[in-house]
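Novice:
In my numbering, the protein residues as written are 11 to 221.
1) Buried or exposed: residue 144, going by 16 or more other Cβ atoms within 10 Å of its Cβ?
2) Going by other Cβ atoms of all chains shown within 10 Å of its Cβ, with 16 needed for buried, is residue 109 buried or exposed?
3) Counting Cβ pairs closer than 8 Å, one from the segment 78 to 93 and one from the segment 143 to 160, do we hit at least three?
4) Can you give me the C-alpha to C-alpha distance between residue 163 and residue 23, rounded to a whole angstrom?
5) Which of helix, strand or coil does DSSP assign to residue 128?
6) By Cβ distance, which residues of its chain are closer than 7 Å to residue 28, with the 5 residues on each side in sequence left out?
7) Leaving out the 5 sequence neighbours to the left and right, which residues in its chain are closer than 6 Å to residue 157 when beta-carbon positions are compared?
8) Can you tell me which of the three DSSP states residue 123 falls into?
9) Which ranges would you report for the alpha helix (DSSP H) in the segment 127 to 209 if only whole runs of at least 4 residues count?
10) Please state if the CB of residue 202 and the CB of residue 103 are separated by a distance shorter than 8 Å.
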């Protein structure tokens, strides 16, 4: 991973060694302090305490941004690795219902059926708004295979702070959820409703809000 951090290359080399040390130490029953001390004694014995803290902080920076990158890749690849018209989709439901000559039954059901969306906590929910925006833009850039934009967004990601100095309040959590509602679910709800309206109700007005 290329990020605009000092000594990022060394961080990328040392992180797998730290991961291996953690795995071995965990299997041997060592506590976290012993595992960290073993790593520095074996691979970075000349560092002073402040230098050790700086390296651990760079590990966190590196891992956080890897998580964001993989989140963006996962979102961008979702329609590629999943059959968007397969079993469990609206199109599959429509086709199977039509084949069984039960469209009227499905329409009646959808006129009364309602879904209540419950959003549960997720680590990315507590990222600052700037980071959430970069994830969205990065997902789009990966989907478009725009390498220049991907590189620019990764550089921007490298300079964008992930941490907050204060614990999020219930209000902050609500604002984060609203971000997802505005930028993700809002468009998904419209697409679902449009599909039902056009393909199941044949453009007859569907009065039930459903969602």
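Ideal placement from N, C-alpha and C gives every residue a C-beta, glycine not left out. Given the structure is predicted, the values throughout are model-derived calculations rather than measurements.
Specialist: Reading it off the structure:
1) Counting from one through the chain shown, the residue named residue 144 turns up at place 134. The residue is buried, with at least 16 neighbouring Cβ atoms inside 10 Å.
2) Residue mapping note: residue 109 aligns to position 99 of the chain shown, counting from 1. Residue 109 is exposed by the Cβ-count criterion.
3) yes
4) Reading the chain shown from its first residue, position 153 is the one you call residue 163. Reading the chain shown from its first residue, position 13 is the one you call residue 23. Rounded to whole angstroms, residue 163 to residue 23 spans 23 Å at the Cα level.
5) As a first step, residue 128 must be located in the chain shown, where it is residue number 118. Residue 128: coil per DSSP, three-state reduction.
6) Counting from 1 along the chain shown, the entry for residue 28 is found at position 18. 49 and 69, listed in sequence order.
7) The sequence position of residue 157 within the chain shown is 147, counting from 1. Contacts found: none.
8) The count along the chain shown starts at 1 and reaches residue 123 at position 113. Correct three-state label for residue 123: coil.
9) Runs of the alpha helix (DSSP H) inside the segment 127 to 209: 139 to 153, 157 to 168, 180 to 190 and 196 to 205.
10) As a position in the chain shown, residue 103 is number 93, starting the count at 1. As a position in the chain shown, residue 202 is number 192, starting the count at 1. Result no, Cβ atoms of residue 103 and residue 202 do not sit closer than 8 Å.
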